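Note that my numbering has the sequence shown beginning at 16, numbered continuously upward. Here a beta-carbon is modelled for each residue, glycine too, at the ideal position from N, C-alpha and C. Values in this document were obtained by computation on a predicted structure and should not be read as measured data. Here is the structure we will look at, set down as structure tokens.
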Amino acid sequence: MHQIIKKYSRRVFLTMAACLSLTMSALAFDTPENQPAALLSVSAAPASGSVPTSAAVFAAEQNLAKMQEQQARALAFSEQMNSLLNAPLSKRTVAFSSDLAANDVVRSAGRRLGNFKLTFYCPCVRCNGRSDGLTRSGTIAQEGRTIAVDPKVIPLGSRVYIDGYGVFIAEDTGGAIKSQKIDVFLDSHSRCFENGIAHADVYLLG
Ligand SMILES: [Zn+2]
């Protein structure tokens, strides 16, 4: 008799455990915010014989959310980098702005070349030695795109980010532009004077 009760209570216990496991699985699987990957990781757990606890489900959901956030950040990062590298640089008025401070994308994807001395030049004979506006690369210099560099430091054709000024293309050179100096092209001679000399961190984007 004692044995029968023992056997019976064991069966009741097992049935209850099975019901509990089903209920917990149903709870876990029916949560609307569950994503397929979370379902996979949760449904994989019972194979080892254990029932996922609500803590395990919560941890799986948190891991998934973290992964999705990292993926979104990586995508935004590569989109920003692509636009820095591939977007055509249109004509714009060059001026220092904190809005153009080097952001995380520039800092981590670009190579910091150091703090450069910035001077400004226009297409006039006094600034440029010639007035045809042609750069060393053969392009017509344009404000917002053209900078003159030392090609030993920054290869011609490179995209260059100047902290506080934005993206430029190294397409010109100059007799006095050696090592850590950049001559920034502007349309007007008077604005070259107004800007005088500046210093900024410079990043080579590629
Ligand atoms: Zn000039």
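Bridge partners - residue i, DSSP secondary structure assignment
i: residue 214; result: 132
i: residue 175; result: 183, 219
i: residue 196; result: 132
i: residue 155; result: 149
i: residue 126; result: 219
i: residue 163; result: 187, 198
Chain-order list of residues whose beta-carbon lies under 8 Å from that of residue i (same chain, five-residue window excluded)
i: residue 106; result: 157, 158, 159, 160
i: residue 206; result: 135, 137
i: residue 162; result: 175, 177, 183, 184, 185, 186, 187, 197, 198, 199, 200
i: residue 214; result: 130, 131, 132, 133
i: residue 70; result: none
i: residue 212; result: 132, 133, 134
Among the options, the one whose alpha carbon lies nearest that of residue i
i: residue 110; options: 133, 141, 94; result: 133
i: residue 152; options: 167, 142, 171, 143; result: 171
i: residue 144; options: 188, 91, 90, 213; result: 188
i: residue 102; options: 210, 219, 183, 194; result: 183
i: residue 108; options: 154, 213, 202, 89; result: 202
i: residue 210; options: 72, 112, 84; result: 112
i: residue 120; options: 104, 88, 76, 77; result: 88
i: residue 99; options: 122, 190, 84; result: 122
Close beta carbons around residue i, own chain, < 6 Å, minus the five adjacent residues each side
i: residue 140; result: 146
i: residue 216; result: 130, 178
i: residue 46; result: Model confidence at residue 46 stands at a pLDDT of 45, short of 50, so the residue's coordinates are unreliable and nothing is read from them.
i: residue 96; result: 120, 124
i: residue 118; result: none
Contact set for residue i: own chain, Cβ-Cβ below 7 Å, skip 5 residues either direction
i: residue 115; result: 179, 180, 181
i: residue 194; result: 165, 168
i: residue 219; result: 125, 126, 128, 169, 173, 175
i: residue 142; result: 136, 204, 207
i: residue 82; result: none
i: residue 155; result: 148, 149
i: residue 192; result: 163, 164, 165, 198
i: residue 190; result: none
Quick one: which unbroken alpha helix (DSSP H) runs of 4-plus residues sit fully inside the region 58-118? Chain order, please. 69-101
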